[in-house]
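S.K.: This is the structure, below, for whatever I ask next.
Residue numbers (the numbering used here): 1 to 323.
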């Protein structure tokens, strides 16, 4: 539930930024800025207060000597956040990971976009008329909007799917008799969230590569199918190690590969947004803890059959819904 709330917050903040970005492209005389700057800076303060961003880790933010002093001491605070039992020799590496997380997080990008928009609201009208988007803040904002446009569909998809699964899970618990609750085939939502997040990011990246294969930003000779091959090889290795949520990732890829040119993502989203017993059963079987009765090899052998069963069960229902 807390993850869903964070996704809702991110979507709302991104929507606020997108709305302002559209206003920014209008003639200055058509834009009403009264109170907008105050709203922007209020949201920036809230992100800092809740420690969702650490100002000196946000790329391209103005720095000063006070912030530099705080930054030098800040790793001491990060040490307190390390999991208990982390070996001393791993501290430096783990702290660098945490610093990278702060710098590259979606909250960091949202904050940076808000900072640029704040600069826009504070610029003189003649400066806005001259073309704010060509200034340093404007160019950074354009880059951030491209990143957000690429990442937000996956976030919104996860938000939608997680909401459906939470509602389904809670309804199942409420309807079950007290002595039957342990036998319900409940879905481990954290595993599903990880699987769905990884799958969505991989598919969106693949679609981007397929559309912009000739882009100057990609290495010469780059091929989207090689990217897909490397992703599937990595997923298969993780499956062989018995990491449950990668079994779901592999199942989703099996369904996607059956019909990649015909809105496979639409089909997968429809399955998740309209859960049937077969979907709940399949997710439960694929994500349940490993036991001697369900050897790993047998589970992996069943994945293609699970995929076929889901396609068969949902195909007619989807066609009826589209009609």
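The C-beta atom is built at its ideal place from N, Cα and C for all residues, glycine as well. Since the structure is predicted, the reported quantities are computational estimates derived from the model, not experimental observations.
Rounded to whole angstroms, what is the Cα-Cα separation between residue 311 and residue 149?
M.R.: Rounded to the nearest angstrom, the two C-alpha atoms are 30 Å apart.
S.K.: Measure how close the beta-carbons of residue 52 and residue 107 come, nearest whole angstrom, since I'm counting them as under 8 Å.
M.R.: Rounded, the Cβ-Cβ distance is 4 Å, consistent with contact.
S.K.: Report the rounded CA-to-CA distance for residue 315 versus residue 46, giving the unit in angstroms.
M.R.: Taking the straight line joining both Cα atoms gives about 46 Å.
S.K.: May I have the straight-line CA-CA distance separating residue 232 from residue 111, to the nearest angstrom?
M.R.: Approximately 34 Å between the Cα atoms of the pair.
S.K.: Three-state secondary structure (DSSP) at residue 25?
M.R.: Here residue 25 sits in coil by DSSP.
S.K.: For residue 58 and residue 104, what's the separation of their Cα atoms in angstroms?
M.R.: If I take the Cα positions, the gap works out to 8 Å.
S.K.: Exposed or buried, which one is residue 86 when buried takes at least 16 other CB atoms within 10 Å?
M.R.: It is exposed - the Cβ of residue 86 has fewer than 16 other Cβ atoms within 10 Å.
S.K.: Using the Cβ count rule (16 or more neighbours within 10 Å means buried), how would you classify residue 281?
M.R.: Residue 281 should be labelled exposed.
S.K.: How would you call residue 235, buried or exposed, if buried means at least 16 neighbouring beta carbons within 10 angstroms?
M.R.: Burial call: buried.
S.K.: Going by C-alpha distance, which of 15, 118 and 141 is nearest residue 331?
M.R.: Not covered by the structure: residue 331. The range shown for the chain is 1 to 323.
S.K.: Report buried or exposed for residue 70, applying the criterion of at least 16 other Cβ atoms within 10 angstroms of its Cβ.
M.R.: Flag for residue 70 reads exposed.
S.K.: Using DSSP with H/G/I as helix, E/B as strand and the rest coil, what is residue 157?
M.R.: Helix at residue 157.
S.K.: Given a cut-off of 8 Å on the beta-carbon distance, is the pair residue 152 and residue 14 in contact?
M.R.: For residue 152 and residue 14, yes; Cβs fall inside 8 Å.
S.K.: Do residue 249 and residue 199 come within 8 Å of each other at the CB atom, strictly closer than that value?
M.R.: Yes, they are a contact pair.
S.K.: At the level of alpha carbons, what is the spacing between residue 270 and residue 209?
M.R.: Each residue's Cα considered, the two are about 25 Å apart.
S.K.: Counting along the chain, where does the alpha helix (DSSP H) carrying residue 86 start and finish?
M.R.: From DSSP, residue 86 is part of no alpha helix (DSSP H); its letter is neither H nor E.
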